[in-house]
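First up is the structure itself, then whatever we jot down about it.
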Amino acid sequence: MTDLSTTAASAPSPEQGAANGSGASGSGRDSLTVTDNRTGETYELAITDGTIRAADLKQISADGVGLATYDPGFVNTASTRSAVTYIDGDAGILEYRGYPIEQLAEHSTFLEVAYLLLNGELPTQPELDSFVHDVTIHTFLHENVRQLMQGFRYDAHPMGMLMSSVSALSTFYPDANQISDPANRQRQITRLIAKMPTLGAWAFRHNQGKPYVYPDNRLSYVENFLAMLFKMSEPTYEADPRLVKALDVLLILHADHEQNCSTNAVRSVGSSQVDPYSAIAAGIGALYGPLHGGANESVLKMLRRIGTVDNIPGFIEGVKGGKEKLMGFGHRVYKNFDPRATIIKKACDDVFEVTGVNPLLKIAQELERIALEDEYFVKRKLYPNVDFYSGLIYEALQFPPEMFTVLFAIGRTPGWLAQWSELVQDKEQKIARPKQIYTGYRTRDFVAMGDR
Ligand code: ACO
C-alpha cells in the first residue's frame, strides 16, 4: 500500500468540524483507501475537513500519467478554505461569520454586515461609526469617470456600464495593485463599497437620459443611493423609511454566498494578483449572466410573458417538456428552501404596503403553488430561490429589470471583497489553473492553403 500523504489529520477547529462533519469511523483513521484496478495497487489518501487533496491523486498512475478529477462546474470540488460564509443547503442555513442571515436581516444594517464580512466580527459602535464615515467620504467619483460613462450608448445595459466603470477605476487608482499592503487593500475596499452605488445610480440615470446626481453625504448609504437614482429638482430627496429598510435588507441578503459563480470569478481573476477593481469587474461579469444574478430580471420578464394566471398550466407544461426553465427556481446548493427567499417574501409585504401590490405577485404566488405540488419540481428539489420574489420588490421600488442585477452587485460587493481579501492572505492559494481532458487532434502537419 502506498501512503500518499500523512493521514494524521489534526483536530478540526469548531468551524471546520461544523462545516464538514469530518470524523473517524471504521478503522478510526481519517483516510480513504482506494485500489487502482488497472494496476492492483492500493493507496491510502488522507481525509482532511471532509475532503481528499486532488493533488494526492496525481501519484496514482498506470501509464505515467497521474490520476485527476473531472468536475465541470465544480459540483463537488472545494477550491478554498474560507471562514466568511457558511451554507447548509439541505437545512436552508445561511450564516455570515456564524451569524444567521435571519438575525442579520432583522437587526443589522448593510454597512454593519459589510464590516462583519470584511473583518470577521461585528463592529463596536466607534468601529462602525468610523467605517460608515470612511465609506461616506469616498462616494464621489473622479469627473473623468462621469465622462467615461457618458460615452456609452443611450440604451447601454447598466450592468455593462457598471462592469466597465469598475474596471476603469483600476486606472484611476494604479497603486491598487499593491495588494500585499494591508492599508492599501483597505483603501480600495472602502472605495469600492462607497462608489458602487454612485456608479450604479449613474448607469441608471444614463439609461433614463437624466442628469447624473452627485452623492449627498448627509444621507445614509441606502438613502444616498435612492437619492442619486430618483432625485429631480427637490433640494433633498426623502425616501420612505420603510422602502429604505426593505432595500437595506435586500442588500444584506445578497452580501455573500460563499463560492458561487461570481465569487469564484473574483477569486480566479484575483489569484493572478491583479488589483481588486479588475477582480471585482470579473465578478460583475459573472453576475450579469441569466443563470446567476440575471435571474431576477428573467423572472420578471417570464411573469410578464405568462401574463395571466390562466396561462400558468400551459407554461408549466412547457418547462416540464424542456422548452424553458422556470426562472427563479432551483439552486445549486439549496435543495429544500432558500432562506433568503423566505425573508424576501416578508419584505414584499412591507414594500407593497407602501407602493401597492404588484399585479405580477398573483402570478408568482400561483406559479409557486403549482410548482411546489408538481412531481417534476418536487423530484428535482426545485424551490423558489432569492431571485423569484426580489424582482417584484425592485419593480415596486420603480427599478427597471435591467437594474436588478446592478442592485445585486452593490449588495455582493462586500462579500466579493471579503473573499478576495481572504484569498490574498491565504498562503495555500495559487494562481487558478484547472486541468483539462484534451479531446482534440494530436500532432498533424500544416496543410497549405491550396490543399485544404
Ligand atoms: N426550471 C426547470 N427545470 C430546472 C430548473 C428550473 N429553474 N432548474 C433546474 N432544473 C432541472 C434541470 O433541467 C435538471 O433536470 P434533469 O435532471 O431532468 O436534467 C435538474 O433540474 C437539475 O438541474 P441542474 O441544472 O443540474 O442544477 P444546477 O445545480 O446545475 O443548476 C441553477 C442550478 C443554475 C440555479 C438552475 O436551477 C437554474 O438554471 N435555475 C434557473 C435560473 C435561476 O433562477 N438562477 C438563480 C440562482 S440563485 C442566484 O444565482 C442568486
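Those letters in the sequence shown? Residues 1 to 452, per the UniProt record's numbering, in order. Even for Gly, the Cβ is constructed at its ideal location relative to N, Cα and C. Since this is a predicted model, take the numbers as computed values, not measurements.
**Request:** Return the first residue and the last residue of the beta strand (DSSP E) that residue 96 is part of.
**Result:** Per DSSP, the continuous beta strand (DSSP E) segment holding residue 96 begins and ends at 93-96.
**Request:** Check each candidate in 214, 111, 106, 320 and name the one with the smallest Cα separation from residue 145.
**Result:** 214
**Request:** Note the first and the last residue of the continuous beta strand (DSSP E) segment covering residue 271.
**Result:** Looking at the DSSP string, residue 271 is not in any beta strand (DSSP E), and its letter there is neither H nor E.
**Prompt:** Is it true that the region 250-266 meets the region 401-419, where meeting means three or more beta-carbon pairs spaced less than 8 Å apart?
**Reply:** By the Cβ criterion, the region 250-266 is in contact with the region 401-419, since at least three pairs of Cβ atoms, one from each stretch, lie closer than 8 Å.
**Endpoints, beta strand (DSSP E) assigned at residue 252** = Per DSSP, residue 252 belongs to no beta strand (DSSP E); it is in the alpha helix (DSSP H), 241-254.
**Message:** For a quick check, are the C-beta atoms of residue 416 and residue 283 less than 8 Å apart?
**Reply:** yes
**Request:** To the nearest angstrom, report how far apart residue 337 and residue 86 are at their CA atoms.
**Result:** 15 Å
**Prompt:** Which residue from 288, 275, 278, 363 puts its Cα closest to that of residue 316?
**Reply:** 363
**Whole alpha helix (DSSP H) elements within the region 77-139, 4-residue minimum** = As far as the region 77-139 is concerned, its whole alpha helix (DSSP H) runs of at least 4 residues are 101-107, 110-119, 125-136.
**Pairwise C-alpha distance: residue 238 and residue 232** = Just so you know, the alpha carbons of residue 232 and residue 238 end up roughly 11 Å apart.
**Asked** Smallest Cα separation from residue 208: which of 171, 178, 155, 394?
**Response** 155
**Asked** If you draw a straight line from the C-alpha of residue 131 to the C-alpha of residue 234, how long is it?
**Response** C-alpha separation (whole angstroms): 29 Å.
**Asked** Are the region 188-200 and the region 296-313 in contact at 8 Å, needing three or more beta carbon pairs?
**Response** When C-beta atoms of the region 188-200 are compared with those of the region 296-313, fewer than three pairs fall below 8 Å, so the two segments do not count as touching.
**Prompt:** Could you give the residue range of the beta strand (DSSP E) that holds residue 33?
**Reply:** Residue 33 -> beta strand (DSSP E) spans 31-36.
**Prompt:** In terms of alpha-carbon separation, which member of 58, 414, 405, 204 lies closest to residue 387?
**Reply:** 405
**Asked** If you run the structure through DSSP and keep just helix, strand and coil, what is residue 428?
**Response** coil
**6 Å Cβ shell around residue 258 - same chain, five flanking residues per side excluded** = 85, 87
**4 or more residues per run - each alpha helix (DSSP H) lying fully within the region 175-220** = 182-208
**Message:** For residue 66, list the residues DSSP reports as bridge partners.
**Reply:** 61
**Request:** Report yes if the C-beta of residue 292 is less than 7 Å from at least one heavy atom of the ligand ACO; otherwise report no.
**Result:** yes
**Item:** Euclidean distance between Cα positions of residue 160 and residue 151
**Value:** 13 Å
**Request:** Using 10 angstroms around the beta-carbon of residue 24, count the other beta-carbons present and answer buried if the total reaches 16, otherwise exposed.
**Result:** In this predicted model, residue 24 has a pLDDT of only 47, less than 50, meaning its place in the structure is not dependable; the value taken from the coordinates is given anyway. That one is exposed.
**Asked** From residue 47 to residue 57, what does the alpha carbon distance come to, in whole angstroms?
**Response** Whole-angstrom Cα-Cα distance: 12 Å.
**Straight-line gap, residue 384 to residue 38 (C-alpha atoms, nearest Å)** = 45 Å
**Message:** Does residue 188 pass the burial test, meaning 16 or more other C-beta atoms within 10 Å, or should it be called exposed?
**Reply:** buried
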